[in-house]
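For reference, the structure discussed in these notes is given below.
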Amino acid sequence: MKRLFGYLSAALAVLFIAASVMPVSAATSGGSASLSISPRKNYVINPGQTITDKLTIGNLDNADDLHLSLRMIDFTFTNQSGTPKLNLAQNAPRTPWSLIPFTTLPKDLTIPAGTSKTVNYTITMPKNQGAGSYYSAILYQAGGANGGNVALSASGVTLVFASVPGTVNENMTLQKFGAYNSKDNGTTGSFVFIDTNEQPKMVAYALKNQGNVFESPAGNVIIKDMFGHQVANVLTNSTQSLALLGQTRLFTSCIKTVQQKIQTEGGTSKNTNCASPGLKPGRYTASLDVLYGQNGNQTHEITKVATFWYLPWWFLAAVAIVIGLLVWGFFWTKRKLQAAVKGTTYRKGKGVHRLWRK
Amino acid sequence: MQKVKRLALGMSPQRLVLVQTVCLLVSAFVIFTVQASAVIRFQNRSLYINNSTPGASTQYKVSLTYNNQGVYTTTVGSIDLLFCWDPIPSEQVSIYNPVDHHPCVTPAGLDVSHATLSAQTGETGFTILSQTTNEIVLTRTPGPAAETPSTYTFDNIINPVDTTHSFAIRLSDYPSTDASGTLINLGSVLSQATNGVALETQVPGILVFCVAAQVNDNCLGTSGGNYTDMGTLDPTKTLMATSQMGAGTNATGGYSIVAYGTTMQAGTHVISALSTPTQSAPGNSQFGINLVANTAPLLGLDPAGSATNTHVDANYAIPNEFTFHDGDEVASAPNVSFVKKYTVSYIVNTPPDIRAGVYTTTLTFLCTGRF
Chain B
1 MKRLFGYLSA ALAVLFIAAS VMPVSAATSG GSASLSISPR KNYVINPGQT ITDKLTIGNL
61 DNADDLHLSL RMIDFTFTNQ SGTPKLNLAQ NAPRTPWSLI PFTTLPKDLT IPAGTSKTVN
121 YTITMPKNQG AGSYYSAILY QAGGANGGNV ALSASGVTLV FASVPGTVNE NMTLQKFGAY
181 NSKDNGTTGS FVFIDTNEQP KMVAYALKNQ GNVFESPAGN VIIKDMFGHQ VANVLTNSTQ
241 SLALLGQTRL FTSCIKTVQQ KIQTEGGTSK NTNCASPGLK PGRYTASLDV LYGQNGNQTH
301 EITKVATFWY LPWWFLAAVA IVIGLLVWGF FWTKRKLQAA VKGTTYRKGK GVHRLWRK
Chain Z
1 MQKVKRLALG MSPQRLVLVQ TVCLLVSAFV IFTVQASAVI RFQNRSLYIN NSTPGASTQY
61 KVSLTYNNQG VYTTTVGSID LLFCWDPIPS EQVSIYNPVD HHPCVTPAGL DVSHATLSAQ
121 TGETGFTILS QTTNEIVLTR TPGPAAETPS TYTFDNIINP VDTTHSFAIR LSDYPSTDAS
181 GTLINLGSVL SQATNGVALE TQVPGILVFC VAAQVNDNCL GTSGGNYTDM GTLDPTKTLM
241 ATSQMGAGTN ATGGYSIVAY GTTMQAGTHV ISALSTPTQS APGNSQFGIN LVANTAPLLG
301 LDPAGSATNT HVDANYAIPN EFTFHDGDEV ASAPNVSFVK KYTVSYIVNT PPDIRAGVYT
361 TTLTFLCTGR F
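Sequence order for the protein chains is B and Z. Numbering follows this note's numbering, in which position 54 of the first sequence is assigned residue number 54; successive positions increment by one, without gaps. Numbering follows this note's numbering, in which position 28 of the second sequence is assigned residue number 28; successive positions increment by one, without gaps.
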């Protein structure tokens, strides 16, 4: 018995050591992890109404089938951007604006390699549901694998926004507005009052949404130079970005854009990059005029005027040189005049008026 | 006089020039400060569209309150309703503003040429004087307008078909009967056609995303599976691995890729995730990732692809420095973007006294549209 126990102990020890030092190599791939989905859905749903829509999901992988699990999750905002903060936990508390209780969705899907599948899902708004905005997201989880030290999983998300029409509480306040400097088309950056390095390529404004609906303000920013000439008319929020409930949303727009055509499934789109707006050194005035308001509710207007300076270092250096030359020219001329008229010269530290009085 | 003399006597020419320059700059600042011109707006403006389906023939109800504060006349004889993409009314063309920077572009599909005025409340007595595809002029016998809420309901208006754009009605009223002369009040109301569920009038938004050890261009194939084997933990060397992901979209909101998961762990024993970008240091407890090419250790690649507007988040874009935090955005595109291929580099370092075990993690890369 003792010998048997010894053998078992030795075997367990060998197994333990082997497990400790050997990488796990036997693993099963989760199939395709390459999908195409719709990024966003928008609906207007009346109380008591049921809408049925289609979700088209593509498996871009030509070799493996795509196994997906679908579920609705809630989300809110991440800082001032349009990146959703997703509540992935299975038991996450529902948000007040959740669409989860109203949505019926298939749970699992298998899409053969290189094909796409369309499935129906429904949203039923209760009869007594109040006017306002509701939003959740459809999570498509794919590519789970067992094995290796780092297992990878790919997930896609469709954001679903629904508006229930009626009288709503709309209240947005302007937090900040002005020229904006960003190296990455507004993903990161900061407001600028005096720019000495490069021309500001963007304008931006931050609006705080204190109402009970998401808002998509639209309008323009007019930029004029110090002589009152209009140098740019910037259409703001052309992408129909939203300020979610409680969010302070930063809306950025290029002063001048360059576009690149993009061929994707189903058609052609254009992406946008900021280009140099061609500003000359000086002071600029930016006038913001944006409107927002839900269907049937009062249209609200926000206006603001901000200023900014574009004073590049080369311009400041040139101005300093010119001023220096002017000062030097002034005294050089004065000395020459004094010498010619009075036969004397300026004496340092005595003051120009005193000399003239003499 | 004495003060002037003291000032004159006490100031060297250099200081005098300096003071003059400062005064000049301050004067220029004051002179060139442009005041926003005051515009008298209609109050409580709103628009209700009975059926906002693109291309539908429906009823529009415009609400407003005349604003008599500071106007040059309260006599109203006509109202102009101009339907445009751009909600901002045009400024008067002048030598300082020779070009109309807010031209009215008619929303595609919109047609008000057959609209009828079916109801009016508040300031009433209006009839349609003229109408085109995107403009209606209401007229009445000129009379004083009170600051009472007024509504004007139009039937048979055909909605715009583009749901990617809001549109506006530019409103203005005049003492004349044909919307000529100087306006009294102005203001816009904003609305938008909303996609019908079964009606696809535009190119549908598509978000493409793939994750694997290696991914092909445009996510048309993957290889290497969905897991990465990093080998045997060794306190004297850094374990490394890479995986790839591709993302692209034709949606104007762009996309965002977020990494979810935990650090590597074996039961209750964990390898510390690097909370800030840090260089790899064998012998320490470190787990981190980044999305750029590294030289120490030699690992990873910079993002590849023709999209020029994509962005790797700052913490994950520092060569030779790694970090990991559950829920961090690692890459994004602010608008429409070609499929971009990102290479994720993983490093693991362990201390000599690490507890034996199989250390694993599952990372979920989640690609979402932006709002």
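We put the beta carbon where it would ideally sit given N, CA and C, even for glycine.
Based on DSSP bridge pairs, tell me the residues matched to Z:D111. Its beta-bridge partners are Z:I158.
For Z:N294 and B:A27, the rounded distance between their alpha carbons: Because B:A27 carries a pLDDT of 35, less than 50, the predicted location of this residue cannot be relied on, and the following value inherits that uncertainty. When rounded, the separation of the alpha-carbon atoms in B:A27 and Z:N294 is 28 Å.
In terms of residue numbering, what span does the beta strand (DSSP E) encompassing B:F330 cover? That residue, B:F330, is in no beta strand (DSSP E); its alpha helix (DSSP H) goes W313 to V341.
Any beta-carbon of chain B closer than 8 Å to the one on Z:V30? Its pLDDT being 49, under 50, Z:V30 is placed unreliably by the model, and nothing is read from it.
Please state if the CB of B:Y135 and the CB of B:V164 are separated by a distance shorter than 8 Å. Not closer than 8 Å, so no.
DSSP on Z:F372, reduced to helix/strand/coil? Residue 372 of chain Z falls outside the range modelled here, since chain Z spans only 1 to 371, and no answer is possible.
Which of helix, strand or coil does DSSP assign to Z:Q192? DSSP places Z:Q192 in coil when its eight states are reduced to three.
Would a check of beta-carbon distances place Z:L199 closer than 8 Å to chain B? In this prediction, Z:L199 has a pLDDT of 41, which is less than 50 and means its spatial position is unreliable; what the coordinates show is noted afterwards. Cβ-Cβ to chain B under 8 Å: no for Z:L199.
If you draw a straight line from the C-alpha of Z:A213 to the C-alpha of Z:G300, how long is it? Rounded to the nearest angstrom, the gap between the Cα atoms of Z:A213 and Z:G300 is 12 Å.
C-beta atoms of Z:D302 and Z:V330 nearer than 8 Å: It is not a contact, given that the beta carbons lie outside the stated cut-off.
CB contact check: Z:T124 to chain B, cutoff 8 Å: By the rule that beta-carbons nearer than 8 Å mark a contact, Z:T124 does not touch chain B.
Where does the unbroken beta strand (DSSP E) through Z:E329 begin, and where does it stop? Unbroken beta strand (DSSP E) run through Z:E329: D328 to A333.
Between the beta-carbon of Z:F83 and the beta-carbon of Z:T65, is there less than 8 Å? No, Cβ-Cβ distance for Z:F83 and Z:T65 is not below 8 Å.
Rounded to the nearest angstrom, how far is the Cβ of B:I194 from that of B:S287, given a contact under 8 Å? B:I194 to B:S287, Cβ: 19 Å. No contact.
Tell me the DSSP secondary structure of B:I100 in three-state form. Per DSSP, reduced to three states, the secondary structure at B:I100 is helical.
Alpha carbon to alpha carbon, what distance is there between B:V322 and Z:Y342? When the Cα atoms are used, Z:Y342 and B:V322 turn out to be separated by approximately 51 Å.
Which residues in chain B sit within 7 Å of Z:A251, going by Cβ to Cβ distance? Going along chain B in sequence order, the residues near Z:A251 (Cβ under 7 Å) are P39 and R40.
C-alpha distance - Z:P319 paired with Z:I158, whole-angstrom precision: Each residue's Cα considered, the two are about 56 Å apart.
When we look at the beta-carbon of B:R40 and count the other beta-carbons within 10 Å, is it buried (16 or more) or exposed? Its Cβ being crowded by 16 or more others within 10 Å, B:R40 is buried.
Pull up the DSSP beta-bridge partners for B:S253, would you. DSSP output for B:S253 lists B:V203 as bridge partner(s).
Residues near B:F177 in its chain [Cβ-Cβ closer than 6 Å; skip 5 each side]: Y205, L288, K304 and A306.
Bridge partners - B:A179, DSSP secondary structure assignment: B:A179 pairs with B:V192 and B:V203.
Taking DSSP as the reference, what is the three-state secondary structure of Z:Y66? Looking at Z:Y66 - three-state DSSP - the assignment turns out to be coil, as it is neither helix nor strand.
Residues in the same chain with beta-carbon distance under 7 Å from B:P47, minus the five sequence neighbours each way, listed in chain order, please. Within the same chain, B:P47 has close Cβ partners M125, P126, K127, N128, Q129 and V164.
For Z:C104, does the three-state DSSP call read helix, strand or coil? Z:C104 falls in the coil class under three-state DSSP.
Using the beta-carbon of each residue, which ones in chain Z are nearer than 9 Å to B:G293? What B:G293 touches in chain Z: R45, S46, L47, V189, L190 and S191.
Among Z:I49, Z:P277, Z:T53 and Z:S275, which has the Cα closest to the Cα of B:Y43? With distances taken between Cα atoms, B:Y43 lies closest to Z:T53.
Quick one: is Z:F287 buried, meaning 16 or more other Cβ sit within 10 Å of its Cβ, or exposed? With 16 or more other Cβ atoms within 10 Å, it is buried.
Step through the CB atoms of chain B and report whether any lies within less than 8 Å of the CB of Z:V34. Per-residue confidence for Z:V34 stands at a pLDDT of 40, beneath the threshold of 50, marking its modelled position as unreliable; no derived number is given.
To which residues of the same chain is Z:D111 closer than 7 Å at the C-beta, ignoring the five residues directly before and after it? Cβ neighbours of Z:D111 beyond the five flanking positions: T133 and I158.
Take the Cβ of B:F251 as the centre, count every other Cβ of all protein chains shown within 10 Å, and call the residue buried at 16 or more, exposed below. Buried, because 16 or more other Cβ atoms sit within 10 Å of the Cβ of B:F251.
Apart from the five residues on each side of it in sequence, which residues of its chain come closer than 6 Å, Cβ to Cβ, to B:G166? Sequence-distant partners of B:G166 (beyond 5 residues in either direction) whose C-beta falls short of 6 Å from its own C-beta, in its chain, are A131.
Using a beta-carbon distance below 8 Å, is B:T188 in contact with chain Z? Judged by the 8 Å Cβ criterion, B:T188 is in contact with chain Z.
What's the C-alpha gap between Z:T222 and B:Q294? Distance between the alpha carbons of Z:T222 and B:Q294 is about 45 Å.
Relative to the C-alpha of Z:A390, which candidate in Z:D234, Z:Q59, Z:Q131 and Z:F167 has its C-alpha closest? Residue 390 of chain Z cannot be examined here, being either before or after the span of chain Z that is shown, 1 to 371.
For B:V290, the nearest candidate out of Z:T148, Z:S332 and Z:W85 (CA to CA): Ranking Z:T148, Z:S332 and Z:W85 by Cα distance to B:V290 puts Z:W85 first.
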